[in-house]
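Q: For the sequence shown, the residue numbers in our numbering are 1 to 189.
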Amino acid sequence: MSSSVISPYFSKPASIVLSSHKVLTTTLEAYRHTAPTSDFHKKKETIDHADSDIETIKPFPTTVAERKNFLNFKTNRAVTEFQFRVYDLCSQIPSGMFSTYKVLSDVLKSSPRAVGQALRNNPFAPLPIPCHRVLPGTYFIGGYDGDWGSGHKVDSKKARLEREGLKFDEHQVLLPIFQESRLFTDFKL
Numbered sequence: 001m002s003s004s005v006i007s008p009y010f011s012k013p014a015s016i017v018l019s020s021h022k023v024l025t026t027t028l029e030a031y032r033h034t035a036p037t038s039d040f041h042k043k044k045e046t047i048d049h050a051d052s053d054i055e056t057i058k059p060f061p062t063t064v065a066e067r068k069n070f071l072n073f074k075t076n077r078a079v080t081e082f083q084f085r086v087y088d089l090c091s092q093i094p095s096g097m098f099s100t101y102k103v104l105s106d107v108l109k110s111s112p113r114a115v116g117q118a119l120r121n122n123p124f125a126p127l128p129i130p131c132h133r134v135l136p137g138t139y140f141i142g143g144y145d146g147d148w149g150s151g152h153k154v155d156s157k158k159a160r161l162e163r164e165g166l167k168f169d170e171h172q173v174l175l176p177i178f179q180e181s182r183l184f185t186d187f188k189l
């Protein structure tokens, strides 16, 4: 399955290809490229690398003019002012730390569900908008990219968080030692 996305922030369309292993590849120079291979073990290594990728930085519009015309390739809609406010807060969460939907919603005077919906459609993940660093108030792994509780996307979130130093128990709940010591709440509006 293949589709093209045109954004005013890139010099050419992004060609997105989903393989049977759901690895996302693109022609944008700013994105990590994954070469297709027929060797299963090489595919597995590529999938594992993609799951824990916390280094790829996607272009992020910062000016009012850039944001006004930005189209989210996931929804084919403009990113709303509220979504950008959520993304701006989320971008402040440092590596090795996490926050919760409730903490973000309190800062925005909104609801945790609204924050979750904005992050569900985050076109700038994993960086510069690290939505994988946002958990439910129960410290359960939660959701990622539209999936909730389990599945490839949630495994990807967990792999990223573990690569950043956070650890989860067998029920996918953040270990108690990290629940208070790594909770980020110092957001600037």
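Backbone N, C-alpha and C fix where the C-beta goes; we use that ideal spot for every residue, glycine too. These numbers come from a predicted model, not from an experiment.
1) So, with DSSP's three-state summary, where would you put Leu175?
2) On the CB-based measure, 16 or more other CB atoms within 10 Å of its CB, does Leu119 come out buried or exposed?
3) Could you name the residues that DSSP lists as bridge partners for Leu71?
4) Would you decide whether His132 is buried or exposed? Buried here means 16 or more other CB atoms lie within 10 Å of its CB.
5) Is the separation between the beta-carbon of Val107 and that of Phe187 shorter than 8 Å?
6) Taking DSSP as the reference, what is the three-state secondary structure of Ser99?
7) Say whether the segment 70 to 88 touches the segment 123 to 138, bearing in mind that this needs 3 or more beta-carbon pairs closer than 8 Å, one atom from each stretch.
8) Exposed or buried, Thr80, counting other C-beta atoms within 10 Å across all chains shown (16 or more means buried)?
9) Leu175 and Val134: beta carbons closer than 8 Å?
10) In whole angstroms, what is the alpha-carbon distance linking Asp155 and Pro136?
11) Which term fits Leu189, buried or exposed, when burial requires 16 or more other beta carbons within 10 angstroms of its beta carbon?
12) Is the CB of Gly116 under 8 Å away from at least one CB in chain B?
13) Take the Cβ of Arg113 as the centre, count every other Cβ of all protein chains shown within 10 Å, and call the residue buried at 16 or more, exposed below.
14) Whole angstroms are fine: how far does the CA of Phe124 sit from the CA of Thr56?
15) Output needed for Lys74: all residues of its chain with C-beta closer than 6 Å, excluding positions within five of it in sequence on either side, in chain order.
16) Which same chain residues end up closer than 6 Å to Gly146 when comparing Cβ atoms and leaving out the 5 residues on each side of it in sequence?
17) Can you tell me where the alpha helix (DSSP H) with Pro112 in it begins and where it stops?
18) Throw me the rounded Cβ distance for the Tyr207 and Val173 pair, which I believe falls under 8 Å.
A: Result, derived from the coordinates:
1) What you label residue 175 is simply residue 175 of the sequence shown in a count that begins at 1. Looking at Leu175 - three-state DSSP - the assignment turns out to be coil, as it is neither helix nor strand.
2) Taking the sequence shown and counting its residues from 1, one reaches residue 119 at position 119. By the 10 Å Cβ count, Leu119 comes out buried.
3) Here the question's residue 71 lines up with position 71 in the sequence shown. Leu71 is bridged to Ala78.
4) Locating residue 132 in the sequence shown gives position 132, where the first residue counts as 1. By the neighbour-count criterion, in which 16 or more other beta carbons inside 10 Å mark a residue as buried, His132 falls on the buried side.
5) Working through the sequence shown from its first residue, we reach residue 107 at position 107. Working through the sequence shown from its first residue, we reach residue 187 at position 187. The beta carbons of Val107 and Phe187 sit closer together than 8 Å.
6) On the sequence shown, residue 99 is found 99 positions in, with the first residue counted as 1. Of the three classes helix, strand and coil, the one that applies to Ser99 here is strand, per DSSP.
7) Yes, they touch.
8) Against the sequence shown, residue 80 aligns to sequence position 80. An exposed status is given to Thr80, since fewer than 16 other beta-carbon atoms sit within 10 Å of its beta-carbon.
9) In the sequence shown, the residue the question calls residue 175 occupies position 175. In the sequence shown, the residue the question calls residue 134 occupies position 134. No.
10) Locating residue 155 in the sequence shown gives position 155, where the first residue counts as 1. Locating residue 136 in the sequence shown gives position 136, where the first residue counts as 1. About 16 Å.
11) The residue you call residue 189 lines up with position 189 of the sequence shown. Burial is judged here by how many other beta carbons sit within 10 angstroms of a residue's own beta carbon; Leu189 has fewer than 16 and is exposed.
12) The structure shown has no chain B; it contains just one protein chain.
13) Looking up residue 113 in the sequence shown gives position 113. Its Cβ having fewer than 16 others within 10 Å, Arg113 is exposed.
14) The residue given as residue 56 occupies position 56 in the sequence shown. The residue given as residue 124 occupies position 124 in the sequence shown. If you draw a straight line from the Cα of Thr56 to the Cα of Phe124, it comes to about 10 Å.
15) Residue 74 sits at position 74 when you count from the first residue of the sequence shown. Answer for Lys74: Asn121, Pro123, listed in chain order.
16) Residue mapping note: residue 146 aligns to position 146 of the sequence shown, counting from 1. Arg120.
17) By 1-based counting over the sequence shown, the position of residue 112 is 112. Where Pro112 is concerned, the enclosing alpha helix (DSSP H) stretches over 112 to 120.
18) Residue 207 lies beyond the residue range present for the chain, which begins at 1 and ends at 189; the question has no answer from this structure.
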